[in-house]
Amino acid sequence: MEAFAESIVGGSLNVWIQATYWLWPIMEISHFIGLSLLLGGLLVIDLRMAGHFRSFDPTVTHRLLPFVLIGFGINLLTGILFFYGDPMRYSINIGFQIKMGLVVLAGLNAVFYYWKVGPVMYCWDANTPSPPIAKFVAYTSLALWTGILLCGRLIPYVGTG
Amino acid sequence: MFATLETTELATWVAVSLWGYPIMLSLHVMGLAVVVGIFSMRDLCLLGLFPGIQPFAFLGLSKLGWVGFIVNAVSGFALFASQATVFITSVPFLVKIACIVAGMVLAGVIQSHLRIEAGLSDPSVVISKSTRILAAISLLFWLAAIIAGRLIAYIF
Numbered sequence: 000m001e002a003f004a005e006s007i008v009g010g011s012l013n014v015w016i017q018a019t020y021w022l023w024p025i026m027e028i029s030h031f032i033g034l035s036l037l038l039g040g041l042l043v044i045d046l047r048m049a050g051h052f053r054s055f056d057p058t059v060t061h062r063l064l065p066f067v068l069i070g071f072g073i074n075l076l077t078g079i080l081f082f083y084g085d086p087m088r089y090s091i092n093i094g095f096q097i098k099m100g101l102v103v104l105a106g107l108n109a110v111f112y113y114w115k116v117g118p119v120m121y122c123w124d125a126n127t128p129s130p131p132i133a134k135f136v137a138y139t140s141l142a143l144w145t146g147i148l149l150c151g152r153l154i155p156y157v158g159t160g
Numbered sequence: 000m001f002a003t004l005e006t007t008e009l010a011t012w013v014a015v016s017l018w019g020y021p022i023m024l025s026l027h028v029m030g031l032a033v034v035v036g037i038f039s040m041r042d043l044c045l046l047g048l049f050p051g052i053q054p055f056a057f058l059g060l061s062k063l064g065w066v067g068f069i070v071n072a073v074s075g076f077a078l079f080a081s082q083a084t085v086f087i088t089s090v091p092f093l094v095k096i097a098c099i100v101a102g103m104v105l106a107g108v109i110q111s112h113l114r115i116e117a118g119l120s121d122p123s124v125v126i127s128k129s130t131r132i133l134a135a136i137s138l139l140f141w142l143a144a145i146i147a148g149r150l151i152a153y154i155f
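For the record, the sequence lines run as chains A and B.
Read in numbering that gives the first Met the number 0, the first sequence has 141 at position 142, and its numbers run on one by one without any break.
Read in numbering that gives the first Met the number 0, the second sequence has 88 at position 89, and its numbers run on one by one without any break.
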């Protein structure tokens, strides 16, 4: 990752981000809006998947997914721009490295949801007990995203890895 | 008063200790995700963006939103105490606090509207126009709170 980071330094995108003083706060604000959409949608979907808040119809909570994906898209884009703006800081930061690892795991967990859990939830009603596999996917998702939030917030405070 | 607050044990722990400030910031971002996440999903639902999802379902989940708010009131107070004299003169900080107060008052009002409308004969059709307007205003307050909160670090 360090070699990739070094190749970015001095490139046109890197120089533009560093020279545009108002861009960084706008990217940060967008990143926070993105995380609110992402986590807000996932809280509803995952908590219902785990069997809580049964007043939500389990066959329709997936309608929140587009907003989860919009939130993720905003944060992927702003995240790439953060990296391009300050590559030597992020590439060697242990908080950033763990965060990226957790994002990959959350992605795999989401694929597993689409494959195994989502299709089954269409047959649930308000009283269907949540099967262990659904609880596992839901709590794994919430735990991973909590970790991602923590690692991201701690990037300025942890050392290099 | 604010200078005194900065000298309290809590304030000096947050300001001086290695982990005090990052721990409070971590709690604050988790609380933010819960508060703004849940209330913005409720508002978007009331505005009709999730066909099929009953806005009344958010009546129970809103309690979790209040838990997030308490986490952020506590962690936010600790962060504030560490630099009280700086924050109290920061315009973005004051705007942020005003937006949060407005957002939480609206959360209470929307909750009571939803309770009344859920009790009506056919809850699938009745979300009043006034409740939808409150949801739109609430969404704007949370957006403004995030923008103002981030700008605290940039506008002195």
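Even for Gly, the Cβ is constructed at its ideal location relative to N, Cα and C.
For residue 67 of chain B, the enclosing alpha helix (DSSP H) has its first and last residue at 57 to 81. Taking CB atoms only, residue 70 of chain B has no neighbour in chain A less than 8 angstroms away. Excluding five sequence positions before and after residue 60 of chain B, the CB atoms of its chain that fall closer than 8 angstroms to its own CB belong to 37 and 41, given in chain order. Assignment of alpha helix (DSSP H) within the stretch 81 to 154 of chain B, counting only whole runs of 4 or more residues, yields 83 to 86, 90 to 117 and 128 to 150 in chain order.
Between the C-alpha atoms of residue 47 of chain A and residue 24 of chain B there is a straight-line separation of about 28 angstroms. Distance from residue 36 of chain A to residue 70 of chain A at the Cβ level is roughly 3 angstroms; contact confirmed, criterion being Cβ atoms closer than 8 angstroms. Only 17, 18, 20, 21, 24, 25, 27, 28, 29 and 31 from the stretch 12 to 31 of chain B bring a Cβ to less than 9 angstroms from some Cβ of chain A. Counting only runs of at least 4 residues, the stretch 0 to 48 of chain B fully encloses the following alpha helix (DSSP H) elements, listed from N- to C-terminal order: 1 to 5, 8 to 15 and 19 to 45. Between residue 75 of chain B and residue 112 of chain B, the CB-CB gap reaches or exceeds 8 angstroms. Around the Cβ of residue 132 of chain B, a 10 Å sphere holds fewer than 16 other Cβ atoms; the residue is exposed. Linking residue 126 of chain B to residue 116 of chain B through their CA atoms gives a straight-line distance of about 7 angstroms. Around the beta carbon of residue 95 of chain B, a 10 Å sphere encloses 16 or more other beta carbons of the protein chains shown; the residue is thus reported as buried. Going by C-alpha positions, residue 102 of chain B is about 15 angstroms away from residue 92 of chain B. An exposed status is given to residue 2 of chain A, since fewer than 16 other beta-carbon atoms sit within 10 Å of its beta-carbon. Taking a C-beta distance under 8 angstroms as the contact criterion, residue 133 of chain A and residue 49 of chain A qualify as a contact pair. DSSP, read as helix, strand or coil, puts residue 52 of chain B in coil.
Per DSSP, residue 21 of chain A lies in no alpha helix (DSSP H) segment and is marked neither H nor E. Rounded to the nearest angstrom, the Cβ distance from residue 106 of chain B to residue 137 of chain B is 7 angstroms, consistent with a contact under 8 angstroms.
Within the stretch 90 to 106 of chain B, no residue has a Cβ lying closer than 7 angstroms to any Cβ of chain A.
Around residue 39 of chain B, the beta-carbon contacts reaching into chain A at under 8 angstroms are 35, 36 and 39.
For residue 118 of chain A, the uninterrupted alpha helix (DSSP H) segment begins and ends at 117 to 120. The shortest CA-to-CA distance from residue 8 of chain A to any of A/81, A/20, A/151 and A/66 is the one to A/81. Taking the CA atoms as reference points, residue 45 of chain A sits about 20 angstroms from residue 32 of chain A.
Here the stretch 59 to 77 of chain A makes no contact with the stretch 76 to 85 of chain B; the two share fewer than three CB pairs at distances below 8 angstroms. In chain order, 141, 144 and 145 place their CB closer than 8 angstroms to the CB of residue 35 of chain B, counting only its own chain and leaving out the 5 sequence neighbours on each side. Taking a Cβ-Cβ cut-off of 7 angstroms, the neighbours of residue 28 of chain A in chain B comprise 145, 146 and 149, given in sequence order. 8 angstroms or more divides the Cβ of residue 24 of chain A from the Cβ of residue 58 of chain B.
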